[in-house]
Amino acid sequence: MMVTAVERLDKKRSRVLFDQDLALVLYPQDLRQFSLAEGSELSEEAYERLLGQVLKPRARERLLKTLMISDKTERELIDLLHREGYPHEVVEDAVGMVKKHHYIDDEAYGSRYVQSQGKKKSRSQLIFAMQKKGFSRELIDELLEEHPVNEEEQMEKYLAQKGIDTGENLSREEYRKLAAKLARKGYSYEAISRVLRGPSLF
43 MMVTAVERLD KKRSRVLFDQ DLALVLYPQD LRQFSLAEGS ELSEEAYERL
93 LGQVLKPRAR ERLLKTLMIS DKTERELIDL LHREGYPHEV VEDAVGMVKK
143 HHYIDDEAYG SRYVQSQGKK KSRSQLIFAM QKKGFSRELI DELLEEHPVN
193 EEEQMEKYLA QKGIDTGENL SREEYRKLAA KLARKGYSYE AISRVLRGPS
243 LF
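Per my numbering, residue 43 is the first one in the sequence shown, and the count goes up by one each step.
See below:
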């Protein structure tokens, strides 16, 4: 395969483009080691050595360092390596390694996440946040069934902190505004109606 371009990304990294619709993010030492420059050739054997000796160990180390800082889903780790320019086979290898050694466990991570964030996020906020992190909707539904979100308790706590009385002394308009505010936080209208006692909201 031939190098068609070497694009400087920053002080340390360059994106190397090949004629086979391939792009790799490499460091200066990689370019020197494999004699990569615009117009140069990289044999299949050298490419396999580049993957096995350089990129796969580097991607594995990247994931391990990431997981030392915080939990991640499998999807988040895949997206991280793709953003950093690792090719598909390297991503598969690195993610496969952390899965094999049980460094990631979406179900366990999801359970911890629901138990901690479920105390302050509405059900819809929690679903949105977890989908963004890469949890499957099936797993999210299972976890929320196992650890239900008490939206009414959350709203009552929020209203108490704001010193808001939900009794009859608020006008219909005040109730409507309050209901809209809670709805924007993702709470269901059914839960809002149960918590906001007084004038009809709708």
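Note that beta-carbon positions come from the ideal geometry of N, C-alpha and C, so glycine has one too. Predicted, not measured: the structure shown is a model, and the values here were computed from it.
With a beta-carbon spacing of about 6 Å, L123 and A101 fall inside the 8 Å limit used to define contacts. Between Q157 and G228, the gap from beta carbon to beta carbon reaches 8 Å or more.
Distances from the CA of H130 to each of R50, V67 and E49 were compared; the closest alpha carbon is that of V67.
Its Cα nearest to that of A79, the residue V58 stands out among Y69, Q62, V58 and K98. Note on the stretch 58-134: whole alpha helix (DSSP H) runs with a minimum of 4 residues are 70-75, 86-91, 98-111 and 116-125, in chain order. Using a Cβ distance threshold of 8 Å, L119 and V140 count as a contacting pair. The beta carbon of D148 is closer than 7 Å to those of T115, E116, F177 and L181 in its chain, skipping five residues each way along the sequence. In the DSSP secondary-structure assignment, M44 is bridged to E83. In this structure, A171 sits near Q159, with a CB-CB distance shorter than 8 Å. Shown here, S166 sits in a helix according to DSSP, grouped into three states. For T46, the CB contacts under 6 Å within the same chain, skipping 5 residues up- and downstream, are L59 and D61 in chain order. Checking the DSSP bridge columns, you'll see E187 has no partner listed.
Beta bridge pairing from DSSP links R50 with S56.
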